[in-house]
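Taking our numbering, the leading residue of the sequence shown gets 10, the next gets one more, and so forth. Heads up, the beta-carbon is just placed ideally off N, CA and C, and yes, glycines get one too. Owing to the predicted nature of the structure, the values given are computational and were not obtained by experimental measurement.
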Amino acid sequence: MKEGCLDFFRALADVTRQEILELLEENEHSVNEICSEFLDITQPTVSHHLQILKRCELVITRKQGKMVYYSINKKVLRNGFEEIIERFDLHIL
10 MKEGCLDFFR ALADVTRQEI LELLEENEHS VNEICSEFLD ITQPTVSHHL
60 QILKRCELVI TRKQGKMVYY SINKKVLRNG FEEIIERFDL HIL
């Protein structure tokens with residue numbers, strides 16, 4: 010399996026990153042906004058998870074002044090799953 014594909018699924022395997030992606034599904038958020046949703050996670054931890062998601066291109070960033078806003082990259086997410094479906098010749102109804 011390609012390393013990029015492995016990184017993609019490693020990024021998605023973490024529950025915290027899954028929760029961050031769920032939060033970003035509808036709207037973009039800053040790190041501080043994400044932290045306010047997850048009271049038990051520190052800002053450095055959220056930033057760490059976002060960097061992993063960004064490396065895999067699962068999130069897109071937009072800078073406004075000093076603030077960085079994150080949103081989900083649905084195209085990359087869709088392409089990753091389509092690659093697995095094709096690779097293993099899976100037939101989805």
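| Check | Outcome |
| --- | --- |
| Beta-carbon within less than 8 Å of residue 51's beta-carbon, same chain only, minus the 5 sequence neighbours each way: which residues are those? | 44 |
| Can the beta-carbon of residue 68 be found closer than 7 Å to that of residue 79? | yes |
| Please name the residue in 97, 30, 98 whose C-alpha comes closest to that of residue 63. | 30 |
| Have a look at residue 15 and residue 90 and give me their C-alpha separation to the nearest angstrom. | 12 Å |
| Taking Cβ positions, are residue 92 and residue 82 nearer each other than 7 Å? | no |
| Can you tell me where the beta strand (DSSP E) with residue 70 in it begins and where it stops? | 68-73 |
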